[in-house]
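Chemist:
Numbering (my numbering), first residue to last: 301 to 386.
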């Protein structure tokens with residue numbers, strides 16, 4: 301069976317599509333999108349800072365920090381793309 305035929309994959313893919321639509325609508329509906337983006341950037345920077353600080357506590361914390369960074373950057377890119385559409 302190919303991945304595209306896998307029911308678990310199809311279910312997850314549908315969930316991601318729904319999340320994308322909901323997040324895009326929420327961000328675009330904000331009355332002050334530039335302020336929202338600034339708030340998102342500040343919060344992600346705070347989370348990254350705390351994660352980096354805790355990364356020195358041991359291998360699990362370091363692994364978590366390594367996983368967080370690309371995820372955080374992905375969310376920032378997503379928010380920027382949504383706010384720049386139209």
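Cβ atoms here follow ideal geometry from the backbone N, Cα and C, with glycine treated the same way.
Computed from a predicted structure; not experimentally measured.
Any chance the segment 340–348 sits against the segment 366–380, with 3 or more Cβ pairs inside 8 Å?
Modeler: Touching, yes.
Chemist: If residue 348 and residue 369 are in contact, beta carbons under 8 Å, what's the gap, nearest whole angstrom?
Modeler: Right, the Cβ-Cβ distance comes to about 7 Å (below 8 Å), so this counts as a contact.
Chemist: Going straight from the alpha carbon of residue 366 to that of residue 336, what length do you get?
Modeler: Looking at the two C-alpha atoms, the distance is approximately 26 Å.
Chemist: Could you pull out every residue in the same chain whose Cβ sits closer than 6 Å to the Cβ of residue 333, ignoring the five residues on either side in sequence?
Modeler: The residues are 383.
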